[in-house]
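As they're listed, the protein sequences go chains Z and P. Just so you know, we're using my numbering here: the first sequence kicks off at 1 and counts up by one. Just so you know, we're using my numbering here: the second sequence kicks off at 1 and counts up by one.
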Amino acid sequence: MEPTLKFFSGFAPNDLWFMGEAALRTLWISVLSISLGTVLGTLFGWMLYEGRRAATLTLAPVLDVFRSVPLIIQLVLFYNFAPIVGLNLDPFASGTVILTVYTAALVANVARGGIEAVGAPMRRAARSLGLSYWQDLRHVVLPIGGRAVFPSWVGVALGVMKDSALVSVLGYVELLKASQILITRTQEPFLILALAGAFYFALSYPVSRYATHLENRWAQ
Amino acid sequence: MISIRDLHKYFGALHVLKGIDLDVQKGEVLSVIGASGSGKSTLLYCINGLEAIQDGAVTVDGTDVHAKGTDINKLRQKLGMVFQQWNSFPHLTALENVALAPRIVKGKSKAEARDIAAKQLQHVGLGEKLDVYPGALSGGQQQRLAIARALAMEPEYMLFDEATSALDPELVGEVLDTMRLLADEGMTMICVTHEMGFARDVSDRVAFFHQGVMEEIGPPAQIFGDARSEHTRKFLANVR
Ligand SMILES: Nc1ncnc2c1ncn2[C@@H]1O[C@H](COP(=O)(O)OP(=O)(O)O)[C@@H](O)[C@H]1O
Ligand SMILES: [Mg+2]
């Protein structure tokens, strides 16, 4: 009887609420970073595609850095060094900035691939109808290329959502940080980690289901 | 009238069109024949400004296609083009494929664009396929869709770049019939083609291209019966 009692006295229903709130923060910082990062990354991808040499020489290496340096290092460095240049950002803002740039670096490649997937003949056909460069981008390249790379983009988005756990090192109380706090208090690591895992699953499963649904609809 | 004067086109060091002079009158059907790589597609791209030119001039109804001040997007509305690959927009239904350009380029309302599209699809014999996605259409149907899409902009000229070359043999006929229909309706057409029957029966004139030079141009009877150029005779002997 003893251990069971201790089990329940440690983890209270209230704690579930605490984790739920933290999951919402995970969702919030993820949605924000993924949205901003996707817009920025699409712009970068277009620059890489169009800019040819200039972008290849300047933008591409910078994006490579953000793609290859582990996120946790980027977060810690940015959070600690940003104040030196006068940027006093709280953990949430710092996390959002780095996650956004990280997302953008990943999305840039996806977006460039999307533009390439549309191909020159399709775009010549669109332009021959009198579409301007921008109308072609908006009405032909975006929908066709976007659909072509949508699965890759979903992969990036779900990855960033999981990676947002790393913002916990800055002290932002998202799902992982909340779990650590609870583990320290309750000494119930397995229960709480399992719960946290369930929360992550609950956040990403609907996204991947909906993505599959969209892909099937487009495949007709 | 399409007027081409001493047109030179280079891809890097490659001299692809070597001084082309050609006039195409309103209502005329011109077929362009010649071996692969002789510059036929490039000629069409230079006419509607999809490729820049290095020397000479192309004018369409007096407007210089390659001049700086020319509104090329507006000019292209006059010049419908159909490619070897039909390039249907895969995310749009047949109707939406055809309605897109009238809607966003000409600013037609959704309803107007729909009507235009439905009319053009009927015109090319796809009246039953309005709400079908291109993926469910045969190559021949998709090529007719591409023709309808070009016609929806009410062009005064149509440029065809080997419109039947990528089709299975049994689907060539329906596309050629559609092109014939347009010719009968009085459309001005430049048709790059390997279909010698079409070139002979439908065109007013046939031009033979050889290594970036327009070797010979004349009525079909002369080109097919009594070609002056040795190259033309050789080419025709091989395709028959
Ligand atoms: N975008 C391009 N870049 C470089 N070379 C090209 C390009 N397009 C065509 N060419 C070359 O120009 C020549 C003429 O091509 P093209 O006009 O397509 O010939 P055709 O349509 O008669 O087969 C060919 O040698 C081809 O390889
Ligand atoms: Mg060609």
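Ideal Cβ placement from N, Cα and C applies to all residues, glycine included.
Residues of its chain near residue i, where Cβ-Cβ distance is below 7 Å and the 5 sequence neighbours each way are ignored
i                 : result
LEU249 of chain P : Residue 249 of chain P lies beyond the range of chain P shown here (1 to 240); nothing can be said about it.
LEU36 of chain Z  : THR100
GLU211 of chain P : The sequence given here places Gln at residue 211 of chain P; Glu does not occur at that position. Closer than 7 Å at Cβ, skipping near neighbours: SER38.
PHE199 of chain Z : MET19, ALA23, LEU175
GLN142 of chain P : TRP86, SER88, PRO134
ALA227 of chain P : GLU216, ARG233, LEU236
ALA148 of chain P : VAL98, GLN120, LEU121, HIS123, VAL124, LEU126
ASP15 of chain Z  : LEU182
ALA13 of chain P  : none
LEU191 of chain Z : PHE11
ARG180 of chain P : VAL202
LEU193 of chain Z : SER179
ARG67 of chain Z  : ALA105, LEU106
GLU156 of chain P : LYS78, THR188
LEU171 of chain P : SER138, GLY139, GLY140
ALA55 of chain Z  : MET47, LEU48
Residues of its chain near residue i, where Cβ-Cβ distance is below 8 Å and the 5 sequence neighbours each way are ignored
i                 : result
ILE116 of chain P : VAL98, ALA99, PRO102, LYS108, ALA152
VAL169 of chain Z : ILE72, LEU75, VAL76
VAL160 of chain Z : SER30, SER33, ILE34, GLY37, LEU99, TYR102, THR103, LEU106
ARG123 of chain Z : ASP136, VAL140, VAL141
ASP6 of chain P   : GLY19, ILE20, ASP21, ASP55, GLY56, ALA57
GLU21 of chain Z  : ALA178
TYR205 of chain Z : none
TYR45 of chain P  : GLU51
LEU195 of chain Z : LEU16, MET19, SER179
GLU212 of chain Z : One detail in the question is off: residue 212 of chain Z reads as Thr in this sequence, not Glu. Within the same chain, THR212 of chain Z has no close Cβ partners at all.
GLU96 of chain P  : PHE89, ALA117
Sequence-distant residues of the same chain with beta carbon closer than 6 Å to residue i, five excluded per side
i                 : result
ARG200 of chain P : PRO220, PHE224
HIS231 of chain P : HIS210, GLU215
PHE92 of chain Z  : TYR172
GLN84 of chain P  : ASP161, GLU162, SER165, ALA166
GLU188 of chain Z : GLY10, PHE11
ARG112 of chain Z : GLY45, LEU48, TYR49
THR4 of chain Z   : Because the pLDDT of THR4 of chain Z is 48, which lies under 50, any placement of that residue in the model is unreliable, and the question is left without a value.
PHE208 of chain P : ILE33, GLY34, GLU215, GLU216, THR232
TRP153 of chain Z : VAL110
GLN220 of chain Z : none
ALA148 of chain Z : GLY114, ALA117
ALA126 of chain Z : ASP136, VAL140
Per DSSP, cross-strand counterpart(s) of residue i
i                 : result
MET214 of chain P : P:PHE209
CYS191 of chain P : P:SER31, P:PHE160
LYS234 of chain P : For LYS234 of chain P, which the question treats as bridged, DSSP gives no partner whatsoever.
THR63 of chain P  : P:VAL60
LYS26 of chain P  : None, per the DSSP bridge assignment.
TYR10 of chain P  : P:HIS15
VAL82 of chain P  : P:PHE160
ASP55 of chain P  : P:HIS8
SER109 of chain P : The partner list for SER109 of chain P (beta bridge, DSSP) is empty, contrary to what the question assumes.
SER3 of chain P   : P:ASP23, P:THR59
| task | Taking a Cβ distance cut-off of 7 Å, strictly less, list which residues of the region 101-133 of chain Z are near chain P, in chain order. | result | PRO121, MET122, ARG124, ALA125, ARG127, SER128, LEU129, GLY130, LEU131, SER132
| Which residues, taken in chain order from the region 134-153 of chain P, show a beta carbon closer than 9 Å to some beta carbon of chain Z? | GLY135, ALA136, ALA146, ARG149, ALA150, ALA152, MET153
| Going along the region 32-58 of chain P in order, which residues come within less than 7 Å of chain Z, judged by CB to CB distance? | ASN48, LEU50
| Closer than 7 Å, Cβ to any Cβ of chain P: which residues of the region 136-152 of chain Z, in chain order? | HIS139, VAL140, PRO143, ILE144, ARG147
| said: Against chain Z, which members of the region 90-102 of chain P pass a CB distance test of less than 7 Å? | reply: PRO90, HIS91, LEU100, ALA101
| Residues proximal to ligand 1 by C-beta, any heavy atom closer than 5 Å | P:PHE11, P:VAL16, P:SER36, P:GLY37, P:SER38, P:GLY39, P:LYS40, P:SER41, P:THR42
| Where are the beta strand (DSSP E) runs, 3 residues long or more, that stay fully inside the region 97-167 of chain Z, in chain order? | none
| request: May I have a chain-ordered list of the beta strand (DSSP E) segments no shorter than 3 residues that lie completely inside the region 37-62 of chain Z? | output: none
| message | Any C-beta of chain Z within less than 8 Å: which residues of the region 66-82 of chain P qualify? | response | ASN73, LYS74, ARG76, GLN77, LEU79, GLY80, MET81
| query | Which runs of the beta strand (DSSP E) spanning at least 3 residues fall entirely within the region 111-182 of chain P, listed in chain order? | reply | 157-161
| query | Taking Cβ-Cβ distances below 7 Å as the criterion, which residues of the region 100-134 of chain P are in contact with chain Z? | reply | LEU100, ALA101, ILE104, VAL105, TYR133
| said: Can you pull out the residues from the region 202-218 of chain Z whose beta carbon lies closer than 9 Å to at least one beta carbon of chain P? | reply: TRP218
| query | At a Cβ cut of 9 Å, what residues of the region 208-239 of chain P count as close to chain Z, listed as they run along the chain? | reply | none
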